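All residue numbers for the sequence shown refer to my numbering, where the first residue is 842 and numbers rise by one.
Quick reminder that beta carbons are idealized off the backbone N, C-alpha and C, glycines included.
Only a predicted model underlies this, so the values are computations on that prediction, with no experimental measurement involved.
Notes for the one structure printed next.
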Amino acid sequence: MIAFCLGADVICSARGYMLAAGCIQAMQCGSNTCPIGITTHDPDLQRGLDIDLKAVRVKNLEHDIEELLCSTGCSSLRALSFDHLYVPKDSTLHAYVTKPN
């Protein structure tokens with residue numbers, strides 16, 4: 842959401858969804874040997890993936906994003922602007938984040 846507040850048109854959110862689905866970042870996605878069973882066609886490895894549990898976790902991620910968005914009063918991520926971003930005065934982020942002109 843911070844990226845949208847800073848003016849991004851698009852962000853990649855796949856990592857959040859993969860982690861919600863149980864990804865342990867074993868870096869084996871393209872080798873058909875994902876130990877969690879997310880990115881494999883091997884039935885033995887797929888047995889380790891509890892679809893019902895992971896579906897709840899992904900749904901919870903979606904719900905959390907929706908709650909954060911609703912707390913801003915915006916109806917879509919594209920409606921976010923710099924004014925929705927709060928950076929505490931003592932934060933080191935002030936060195937990196939400045940309001941656009």
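Note to self: Within the continuous alpha helix (DSSP H) that includes T913, where are the two ends?
What the structure shows: Element bounds for T913: 892-913.
Notebook entry, point to check: The alpha helix (DSSP H) with Y927 in it runs from where to where?
Noted result: Run containing Y927: none; DSSP gives neither H nor E here.
Next item on the list: State yes or no: is the beta carbon of C853 nearer than 8 Å to at least one beta carbon in chain C?
Entry: The question asks about chain C, but that chain is absent: this structure has only one protein chain.
Notebook entry, point to check: I843 by DSSP, collapsed to three states: which one?
Noted result: Look at I843 here: in three-state DSSP terms it is helix.
Check: Taking Cβ positions, are M859 and L918 nearer each other than 8 Å?
Finding: In terms of Cβ geometry, M859 and L918 do not form a close pair [threshold 8 Å].
Next item on the list: Compare the C-alpha of D891 against each of A861, S872, A867 and name the closest.
Entry: Comparing alpha-carbon positions, the option among A861, S872, A867 lying closest to D891 turns out to be A861.
Margin query: For a quick check, are the C-beta atoms of H943 and T913 less than 8 Å apart?
Written below: Past the boundaries of the shown model lies residue 943; the chain is included only from 842 to 942, so the question cannot be answered.
Checklist line | Nearest candidate by alpha-carbon position, reference G848, set V928, S932, A920 | finding: For G848, the closest of V928, S932, A920 by C-alpha to C-alpha distance is A920.
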